[in-house]
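> Going down the list, the protein sequences come from chains A, B, C and D.
With my numbering applied, the first sequence corresponds to residues 1 to 365, in that order.
With my numbering applied, the second sequence corresponds to residues 366 to 730, in that order.
With my numbering applied, the third sequence corresponds to residues 731 to 1095, in that order.
With my numbering applied, the fourth sequence corresponds to residues 1096 to 1460, in that order.
The beta carbon of each residue, even a glycine, is placed where N, CA and C say it ideally should be.
There are 4 protein chains.
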Amino acid sequence: MDQTIRVGVNGYGVIGKRVADAVTAQQDMELVGVSDVISDYRLTTAVCRGIPVYASTTEGAAAMRSAGITLAGELHQLLDAVDVIVDCTPAKIGASNLEHYRAHGVKAIFQGGEKHALTGHSFVAHANYATALGRDTTRVVSCNTTATVRTLTALKDAGLLAKARGVLIRRATDPWESDHSGIMNTVVPEAAIPSHQGPDAQTVVPDLDVVTMAAKGSHTQNHLHYWTVELTRPAAQEEILDALEAMPRIALVRRADGIVALNSTIELMRDLGRPRGDMYEVAVWADILTVHGTELFYTYTVDNQAVVIPENIDAIRALTGTVRDGAESIRRTDAALGVRAEFLTPAQRPVGAQTTAHAFEGPRS
Amino acid sequence: MDQTIRVGVNGYGVIGKRVADAVTAQQDMELVGVSDVISDYRLTTAVCRGIPVYASTTEGAAAMRSAGITLAGELHQLLDAVDVIVDCTPAKIGASNLEHYRAHGVKAIFQGGEKHALTGHSFVAHANYATALGRDTTRVVSCNTTATVRTLTALKDAGLLAKARGVLIRRATDPWESDHSGIMNTVVPEAAIPSHQGPDAQTVVPDLDVVTMAAKGSHTQNHLHYWTVELTRPAAQEEILDALEAMPRIALVRRADGIVALNSTIELMRDLGRPRGDMYEVAVWADILTVHGTELFYTYTVDNQAVVIPENIDAIRALTGTVRDGAESIRRTDAALGVRAEFLTPAQRPVGAQTTAHAFEGPRS
Amino acid sequence: MDQTIRVGVNGYGVIGKRVADAVTAQQDMELVGVSDVISDYRLTTAVCRGIPVYASTTEGAAAMRSAGITLAGELHQLLDAVDVIVDCTPAKIGASNLEHYRAHGVKAIFQGGEKHALTGHSFVAHANYATALGRDTTRVVSCNTTATVRTLTALKDAGLLAKARGVLIRRATDPWESDHSGIMNTVVPEAAIPSHQGPDAQTVVPDLDVVTMAAKGSHTQNHLHYWTVELTRPAAQEEILDALEAMPRIALVRRADGIVALNSTIELMRDLGRPRGDMYEVAVWADILTVHGTELFYTYTVDNQAVVIPENIDAIRALTGTVRDGAESIRRTDAALGVRAEFLTPAQRPVGAQTTAHAFEGPRS
Amino acid sequence: MDQTIRVGVNGYGVIGKRVADAVTAQQDMELVGVSDVISDYRLTTAVCRGIPVYASTTEGAAAMRSAGITLAGELHQLLDAVDVIVDCTPAKIGASNLEHYRAHGVKAIFQGGEKHALTGHSFVAHANYATALGRDTTRVVSCNTTATVRTLTALKDAGLLAKARGVLIRRATDPWESDHSGIMNTVVPEAAIPSHQGPDAQTVVPDLDVVTMAAKGSHTQNHLHYWTVELTRPAAQEEILDALEAMPRIALVRRADGIVALNSTIELMRDLGRPRGDMYEVAVWADILTVHGTELFYTYTVDNQAVVIPENIDAIRALTGTVRDGAESIRRTDAALGVRAEFLTPAQRPVGAQTTAHAFEGPRS
C-alpha cells in the first residue's frame, strides 16, 4: 500500500465539492479539508457531513463564523497540511492563488477556467499523464475540452484520425443557479470561430487537427457535441465503436435502450445510484454514430459538472508521482468511482442503420 | 421484531422506482419484485441492481425478453407472492387493475392519479393512518394534495386554521421526459377554479375549508405553493413555525441560508447525498412566512417525485395492520429514509421582517 | 383641435420604444425625439424609421456617432424642444434625471422602477387622472401594479370590493435579453411577503385592502395573476363580468375560444396585427372566473411590455392639462391604439361551470 | 398588368395564415379564402379581419358554425373558385388532399411535411423556379431545408462549393403551442445521421454534396445552423460575404450591431415593424463567419415560421406560369414583403477577426 496523499480543495462549488467527494473515495488519498468564502447552505452542509471547512480569506472567516459555520482554520493552515491543493475557485481567480500555493510548497491543480500559460501544462489523464509526473502544477482542461480530447484521442490511438470538426451545444448555466445567470428561450452562438475548445484541446494533444464551433442552449445540464471526422482510411462502424470502447471514460449508450436525449442520461445516472447523479463518462450514441467512406459522424453528451472529476484525481497522483503509470491511476480512480465502459447490457451492437445506406446514396445526377 | 411484509410494486416509473427503493430500506418489509411493460433502460437498470422484474402483461413479457431483460415471471406470479401491491401505473390504469389484485387476495395501494371512489379511502399518514388500518385498499393522494394536507393539518392540529386559500404553481412534466410532454416559455392556468387539489384534500380531511387555484409553469421539477390562511385567532410567527415543525415531513428552510428558489432545494438534496436527490419533506420558507393579525401568508416547495414516497410506506403498514400506531410507522419510515424536521443548522429563527411591519401599515386614508 | 403636445422619450428600451410609437399614433401629440446612450441595432433601427435620435450623455454621443448613428443632438437640446419628457431609463436612473428635467422646465413622467416618493404621485389613468392634472411630474406604476389597480378598481367602482389577496407569477426577464439575465428551470419566490405590488397599488388607490405575494417563473413574457377577493356582498358571475367589462383596458378572453395560456394571448395579438404583438389590455379569463358566496376567484394575464403604454399617454395629457377629463383622454388613447373591451366575438358568456357547484359542496362533516 | 391569380389556402395554421397574408400583399394575386376545421380564436380572428373562411370537412363546418364562425362555404366550393390551392395542413395530411385538388383541376402547392414523391418536384425559388413552370404541383421544402439550399446555392453559384457538412439546432415547438408539445431543459438529437434535411436539399439541387446532423433545443422560435464547408479554392471572407449578399433572402447581421442571439433577431423584426415579427431572410452572422484556407465556417438563424412564405408566393407564380422569370417573381415577392439584403446600416464589413489568425496557427508540433 502506498503512502496516503494529503489533499485540500480550495473553492467548494460545483467542481470543488465533487472533487472533495472523489478524493474521499480513493484509498490512497485523504481529504484534509475544503476552503471557501461563502457561508450559505453549501458550506453548512459540508460541515454537517464532517468535512473540515477552512476560510479562504480572513473576511470570509468572519462571515462564515457569524453564520454559525465551525471553521477548522484558514486557507494558509490548510496549505500547511496538504501535499496537493486542487484549486476549484471561479475562473481567473485561481491564477491569483498560484503564488500563495508556491509559498507553501504545495503542488497545485487548476481547472479549465484558467489559461494554459498559468501552469504550462494542460491535463487529460489518458492523453498525457506521463508528462505531468512530478510537476508542481497542471491544469485540468474544461468539461468540453476533456470530452473532445477523449473521443478524438480514441480515434487517434487507433490510427484513424485525420481531422475533426465539431459543433458544441453547451448548457447555459448550472442547475443550482437562480440569480440571473441564465438565458431563456434562445440559443447564443459564441462570438468567434473557432471557439476556444479546439485550440484548448491542442494544449493537451498538440498535433490534433481540430476546429470547434459552439453555442449556448436554453438548458441547464450536459453538453451535446456533434463531430464530423475525416478518417485516415475507410473503417467499419464496428471498428470505430471498438476504438471508443477501448478508451477509458467513454461509455456507449443507445437510443434503442431508451436513451434518447440529454435528460435520459441524467435519469439513468440517478437510477444507477450515482452520487449527485454524476456521469463521469462521455456518453456516445452507438446507434447514431455513422460512417460513410472516410467520413465519421457521431454525437455524445457530457456531464459538465462531473466529467473532469476523475481527471482531477489522476492529476493528483501524477503531480505527486506516487503512481508512475497513468493506466494504473485511471484504473484505481475509475474503480473507486464506478466508472463504466458501457451503460447498458446486453451490449447489442446496432447494425448500421438501414436508412443510412439509403441516405448516403449521395448526390443524384 | 415483527413479521416481514412482502411488497410488490406494479409500475416502475417515477413513483414506482422510488417506492421500490424505500421498501427495500425498511427493516420490516421485503421487496418481492417490480412489474412493468416497458423494456428500456429503466427496467434494464432494475435488473442490473438485482431487483426481480416481472411483466405486467404477456405482450410486455415478450418485448422485455427480446430486449434481453431477464424476467422473474409475470404479474400474476408476483401477486401470488406478496401481501401488498403498490400500484404506480399511469393515472386511470390503476383502476382497471383493482379486480386483478382482489382476485389474488392482495391488499392494494393506489396513487393520486386515481379517483377517491376507487378505494373509498384517501391517505396521508399523519392525518388518517388509523382509518386505513386493516383496509384492503387505499389511495395515497397526489404530491400537491399531500403537501396541502401536511401544512394545513399542522395549523389545524394547533387549533389555528379557520380557512385556507392556495395558489399552486406546478411543474409541467417530469425531468426525464423528452417526448413532447412539456410546455415551453409559458404558464398554463388550470381550466377551472377550484383546481382539484382543494376538494381532493377534503377526501382526507373532510372538514377543511380550503380552495385551490393552480397553473403549470415552465419548469420540470418541484411545485411552489402560496397560501393565504385565515387564522382562528392572532398568532405570532414563532407559534406558526412551532406548529409546522411539530408536523412530520415538514422541514423549514431559510433564504438567509441561501435557499432562494426551487432549484436551491434540489441542489441541497444532492449535497445531502439523498438518493436520486429526493426531498421527502415539504420545505417551508421560515423567513418568508408572514403573519398579520389573523392572516397568515406562507410559501413552500414540494418535490413532486418524492413527497408521496414515505406516505406509501406508511400505507403499507396501515393496510397490513402490522403497526397499529401511525406515529410509530411514521417514525420508522422517516428514520429509514433520513427525513428531517429542519434542513439547516443552527436553526436561527428569523425575526419577522421589519419591512413587513411597514408594508402592513395597511390602507392609507 | 387642441394644441399639439411636444413629447420626448429618454431611454429607448422595451418601454421607451413603445411609448415613442404610441405618442406618434396620437393626433394631439408630436414625438420630437428619443434619447439614449446605446449604439446598437435598437437605435440604428430608430434612425432608419425616421425617429430623431438624441444622445443622453456626451460619452454616449461619441460612441453613437462612431457607430454610424446620425444624431439630432444631445438630451439637453431635446429637453429644450419638448413640453413633456417620458423617462424610460432603467430603474433608479430616472431619479437622477429629475433635476435635469426641472432645470429645463419640462414636465416629466417616470416609470414603475422609480419610487413613489420621487414624484409624490403615482398614476393609473382610470383611477386618478384628475389628481395628476397640471402636475409637474408623476410616476406610471409598474406593469403588475397597473394590472392590479385596473381589476381591483373595477370591483371597487361597482361597490363589490372588500379585500383582495393576490399571487403574481411574473416573467423572469424580457424576450430580447440574452446576456445572462434569466433564470432556468426554476421558480424564484420574492424575498418578502407582501411583495411590493400591493403597497404600490395603495400609492394610487390608498384605501385598497390588498396583499400580494409574487414569484418569478421560467418564462420571458407576460405575467399571470391569481386573485382571491372578499366581496362586500354575494354577486353573480355575470355581475362581476359586467363590472370588469365596464372598466377600460380590461378585455375578457375564454378558454372556450382557445385562449388557454400566456402564449395563446401572445399569438392572438400577432393574429390581430398588433404592433410588436403588444397587448395593452389586461386579459381576464371569463370562463375560469368563479364566484362562491362572497368570495371571488379569478386569473388574468398581463403583457409586461405593453400594459403601461396607454397609461403613459394619458399621463402626458394629464400633466399638460390639455384634456381635463380622464375618460376623454382614455377614449382618445384607446381609439388610437385599438384597445378593446373584449377579444373574441361573439361574446358568449360562459355559464358558471357545473363542476364549480359540485366542487363547492364544501367541507363534509 | 397581368391577370390576377386566384389563390386559396387550405390549413390556417402557423404557415397557412402567413401565406394568406402574403398573398393579400401581392398585386397580382387575390386571396379567395382560407379553409380549416378548427373553430377557435385563430379562425374567429380571420373572420374578424374579413378573410372568407371555408370548412375543410362537413363535420368541421358544423363545429365552426356552432362556434359562431360565419362560413363562406366548404372546401370544394373554395376549390371551384381558385387557380391555385396552397396546402398548409399538418404533415402527411396534405398527401390525402392531392386527389381532391386534382378532381377540381386546381394546381396545388404542398409544404415540407410532405414527401418529395408526392409531387415529384421540390421548390426553392432561386434554385429551380424554371423547372416548376406550368407544373400542376410542387412542394415548398421545409424551413431548415430552404435555409440550407439558400446559403449553399449562394456558394455554388459563385463556384466556391465543394462539400458542406451542417449541424442544425432546431426549435422544439411553435411559440403558440401550449398543449404538451414541447421539450424542457434538454436537447434531443435526431435518431439518425444524416438527418433528413441534407437528402431533402438534394431533391432541390441534386448535385449538392451535403450531410446534416440535427437536434432539437429547448427553445420555441428560430433554428441555428452551423456549417463546415470545403471550398473549391481558397477565398477571402469578403468574397464569401459578397456571394451571400448576391443571393436573395439572405441578410447579413453582425454581433457588432448587437445581434448576438436568436432572440436578438426576433426583437429586431419587431422593431422593424414586420407583421407578426416575421423574418423571411436567412440571417447570417457576417462577423462570425470565418475562412481558413479552403475551409469555410459560418452560422445563421432561420425563422421557422416565416422563411418559406416568400417561396410559397413564388411557387404560385411558377405553377400558373404568369411570370416566366424566377428573378422577376422573387423581385415582386420581396418588394411586397419588404425583404432585405442586409439588416443593419451602415454595412461596415468586419475585418477577419484577429483572434482567428492566431487560433488557426493550427497544430503545434
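Against chain A, which members of the segment 901-918 of chain C pass a CB distance test of less than 7 Å?
ALA902, THR903, SER908, HIS910, SER911, GLY912, ILE913, MET914, ASN915, THR916 and VAL918
> Within the continuous beta strand (DSSP E) that includes C:LEU982, where are the two ends?
980-983
> Specify the secondary structure class of B:PRO540 as computed by DSSP and reduced to three states.
coil
> Indicate whether the contact test is met: 3 or more Cβ pairs, each with one atom in the segment 424-431 of chain B and one in the segment 279-286 of chain A, closer than 8 Å.
No, because fewer than three Cβ pairs between the segment 424-431 of chain B and the segment 279-286 of chain A fall closer than 8 Å, the two stretches do not touch.
> Under three-state DSSP, which class holds A:VAL19?
helix
> Whose C-beta lies closer than 8 Å to the C-beta of C:HIS820 among residues of the same chain, with five residues either side of it excluded?
Note on identity: in this sequence residue 820 of chain C is Pro, with His being the wrong assignment. Correct list, in chain order: GLY741, GLY743 and GLY843.
> Taking the alpha helix (DSSP H) that C:TYR1010 falls in, what are its first and last residues?
It is not in any alpha helix (DSSP H) - C:TYR1010 carries neither H nor E in the DSSP assignment.
> Any C-beta of chain D within less than 9 Å: which residues of the segment 988-1007 of chain C qualify?
So the list reads GLY988, ILE989, VAL990, ALA991, LEU992, ASN993, SER994, ILE996, GLU997, LEU998, ARG1000, ASP1001, LEU1002, GLY1003, PRO1005, ARG1006 and GLY1007, given in the order they occur along the chain.
> Anyone know if the C-beta pair for D:GLY1421 and D:ASP1409 falls short of 8 Å?
Closer than 8 Å, so yes.
> Tell me which same chain residues have a C-beta within less than 7 Å of the C-beta of C:LEU1067, skipping the five on either side of it?
Excluding residues within five positions, the ones whose Cβ falls inside 7 Å are ALA752, ALA755, TYR1010 and PRO1040.
> CB-CB under 8 Å to A:THR322, same chain, minus the five flanking residues each way: which ones, in chain order?
These residues qualify, in order along the chain: ASP2, GLN3, ILE5 and ASP28.
> Apart from the five residues on each side of it in sequence, which residues of its chain come closer than 7 Å, Cβ to Cβ, to B:TYR364?
With chain B running from 366 to 730 in the structure shown, residue 364 of chain B is simply not present.
> Name the chain D residues that come within less than 8 Å of C:ASP1055, Cβ to Cβ?
Those do not exist, as C:ASP1055 stays about 30 Å from chain D at its closest Cβ, beyond 8 Å.
> Starting from the Cα of A:ILE316, find the closest Cα among A:ASN185, A:CYS48 and A:ALA132 and give me that residue.
A:ALA132
> Could you check whether the Cβ of C:LEU885 sits closer than 8 Å to any Cβ belonging to chain B?
no
> Buried or exposed: which applies to C:ASP909, given that a residue is buried once 16 or more other Cβ atoms fall within 10 Å of its Cβ?
With fewer than 16 other Cβ atoms inside 10 Å of its own Cβ, C:ASP909 counts as exposed.
> With a floor of 3 residues, list each beta strand (DSSP E) that falls wholly inside the segment 1249-1329 of chain D, ordered by position along the chain.
1256-1265, 1305-1311 and 1318-1326, all fully within the segment 1249-1329 of chain D.
> So if I threshold CB-CB distances at 8 Å, which residues from the segment 555-586 of chain B count as touching chain G?
Given the protein chain composition of this structure (A, B, C and D), no chain G is represented.
> Using DSSP with H/G/I as helix, E/B as strand and the rest coil, what is C:ILE799?
coil
> Identify the contact partners of B:THR593 in chain C, using a Cβ-Cβ distance below 7 Å as the criterion.
ARG895 and THR958
> Taking 8 Å as the threshold (C-beta atoms), are D:VAL1102 and D:VAL1177 in contact?
Going by C-beta atoms, D:VAL1177 is nearer than 8 Å to D:VAL1102.
> Along chain D, which residues have their Cβ under 7 Å away from the Cβ of C:LEU1074?
Neighbours of C:LEU1074 in chain D, taken as residues whose beta carbon is under 7 Å from its own, are TYR1136 and THR1139 in chain order.
> So within the segment 1203-1251 of chain D, which uninterrupted beta strand (DSSP E) runs reach at least 3 residues, ignoring any that extend past its ends?
If we require 3 residues or more, the beta strand (DSSP E) runs fully inside the segment 1203-1251 of chain D come out as 1232-1235.
> What are the start and end residues of the alpha helix (DSSP H) that includes A:ILE5?
Note, A:ILE5: premise wrong, no alpha helix (DSSP H); beta strand (DSSP E) at 5-10.
> CA-CA distance, B:LEU436 and B:ASN462?
20 Å
> Tell me, please, whether the CB atom of B:LYS457 is closer than 8 Å to any CB atom in chain D?
no
> Taking only the alpha-carbon atoms, compute the straight-line gap between A:LEU241 and A:ALA286 and give it to the nearest angstrom.
7 Å
> On the DSSP bridge list, what partners appear for A:ALA306?
In the DSSP output, where bridge partners are listed per residue, A:ALA306 has none listed.
> Out of B:ILE403, B:GLY398, B:ALA427 and B:THR422, state which residue places its alpha-carbon closest to the alpha-carbon of B:ARG414.
B:GLY398
> Rounded to whole angstroms, how far is the Cβ of D:ASN1317 from the Cβ of D:THR1360, which I believe are closer than 8 Å?
By a beta-carbon distance limit of 8 Å, D:ASN1317 contacts D:THR1360. Their separation comes to about 7 Å.
> A:CYS143 and A:VAL302: beta carbons closer than 8 Å?
yes
> Which value, in whole angstroms, describes the spacing of the CA atoms of B:SER546 and B:ARG536?
Cα-Cα distance, rounded: 12 Å.
> In angstroms, rounded to a whole number, what distance separates the CA positions of D:PRO1445 and D:LEU1439?
With a pLDDT of 41 at D:PRO1445, under the threshold of 50, the modelled position of this residue cannot be trusted; read the value that follows with caution. Answer to the nearest angstrom: the Cα atoms are 13 Å apart.
> Counting along the chain, where does the alpha helix (DSSP H) carrying C:ILE815 start and finish?
Premise fails: C:ILE815 lies in the beta strand (DSSP E), 814-817, not in any alpha helix (DSSP H).
> Would you mind telling me which residues of chain A sit closer than 8 Å to B:LYS382, beta carbon to beta carbon, in chain order?
ASP271, listed in chain order.
> Cα-Cα, which of C:ALA966, C:ALA991, C:VAL854 and C:LYS837 is closest to C:LEU808?
C:LYS837
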